[in-house]
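Asker: Provided herewith is a single structure, encoded as structure tokens, for subsequent inquiry.
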Amino acid sequence: MAAGRAMGWLLYQLSGRRRSIAQTNIALCFSHLTASEQNDLVRKTFADNGIGIIETAMAWWSSRSTFNNRADVTGGELIDTAQQQGHGVLLVGAHYSSLDLGGILLAQNRPYYATYQRHGNALMDAIIRRGRLQHLSGMVERDDIRQVIRLLKQGKTVWLAPDQDVGPERSVFAPFFGIAAATTPIISRLATATGAKVLQLSHHRIQQDQGYQLKITDSLSNIPSGDLVADAAALNAAIESEVRSYPSQYLWLHRRFKTRPANSPHIY
């Protein structure tokens, strides 16, 4: 944890671009905080994301015994029930700093497939795939929708994180922390096409950074509603609720509000 915080401090000092993005996001989403409080949250965000880098390495290369008795998992029975009823499960995640470690802790007891975006560097992509495939049932490239549909129709669990800006062509606008955010409607479309149960997964570092809380809920049970914008609003609200619980453990370094509605000023 100390090494992760040190790495986060270094990234804060050296990565002016990412620091500026995080400052902008936090100023927008936590406008009720004072400037000093916002700056503290930016620094904590870099510290937690630095820890996340160390956790990723631990997830890929440490012994599983390292995490014995450190993870509290609730709601796993929701996955079991959906599959017993013959449904696939769309497990909706988000880009929390413990992304890889949280997912692997879940996979120990609830096997699932994960979607991912291929890395531009072939060597790095191979390292990522090797690390994750030691624990997951499989990985599917984010744009391979046919494979995702096939797995869901087979009753499998597939994890997706629909909380990043994928551009105007593939998005609708829905509020996230009160700001119009380009949001992919892929969850609604997949649920409609497959009849999959939509569940939410969150995972956070707790107990003075010595334990992990993994929570699966049916907070998205109304998706699909038949209204893509309403579904996107419900999705963003559910993710926002989890982010507010541990705000520094979210990936505020991403340009979440890059795509703007017509005639709206650019943010970044």
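With this note's numbering applied, the sequence shown has no gaps in its numbers, which climb one by one up to 320 at the end. Ideal placement from N, C-alpha and C gives every residue a C-beta, glycine not left out. Values in this document were obtained by computation on a predicted structure and should not be read as measured data.
So, with DSSP's three-state summary, where would you put Gln260?
Answerer: coil
Asker: Do you know how far the Cα of Asp124 is from the Cα of Gly263?
Answerer: 8 Å
Asker: I need the DSSP call for Gln65, collapsed to helix, strand or coil.
Answerer: helix
Asker: Measure the CB-CB distance between Ser150 and Gly104 and report whether it falls below 8 Å.
Answerer: yes
Asker: State whether the region 126–146 contacts the region 204–217, with contact taken as three or more CB pairs (one from each stretch) at a distance under 8 Å.
Answerer: yes
Asker: Whole-angstrom Cβ separation of His256 and Tyr298, contact assumed at under 8 Å?
Answerer: So it is a contact: roughly 4 Å between Cβ atoms.
Asker: Please list the terminal residues of the continuous beta strand (DSSP E) segment that includes Glu305.
Answerer: With the sequence shown as reference, residue 305 is identified as Leu, and Glu is not the correct amino acid for it. Unbroken run through Leu305: none, as it is neither H nor E.
Asker: Keeping to the same chain, check which residues put their C-beta closer than 7 Å to that of Ala134; ignore five residues upstream and five downstream.
Answerer: Val141, Lys249
Asker: By Cβ distance below 8 Å, which residues in the same chain neighbour Asp177 in space, the five residues on each side in sequence not counted?
Answerer: Arg170, His171
Asker: Using the Cα positions of Asp196 and Leu253, report the straight-line distance between them to the nearest angstrom.
Answerer: 22 Å
Asker: Alpha carbons only, please: which of Arg69, Leu157, Gly278 is nearest the one belonging to Trp304?
Answerer: When Arg69, Leu157, Gly278 are compared, the shortest CA-CA separation from Trp304 is found for Arg69.
Asker: Among all the DSSP beta bridges, which residues are the ones paired with Ser254?
Answerer: According to DSSP, which records beta bridges pairwise, Ser254 is partnered with Lys267.
Asker: Pull up the DSSP beta-bridge partners for Lys249, would you.
Answerer: Val141
Asker: Cα separation between Arg71 and Asp132?
Answerer: 41 Å
Asker: Just tell me which of Leu85, Ala74, Ala87 has its CA closest to the CA of Val94.
Answerer: Ala74
Asker: Between Tyr165 and Gly190, how many whole angstroms is the CB-CB distance? I'm expecting something under 8 Å.
Answerer: Right, their Cβ atoms sit about 5 Å apart.
Asker: Going straight from the alpha carbon of Ala54 to that of Gln259, what length do you get?
Answerer: 15 Å
Asker: Assuming Ile201 is part of the alpha helix (DSSP H), what are its boundary residues?
Answerer: Per DSSP, Ile201 belongs to the alpha helix (DSSP H) from 197–205.
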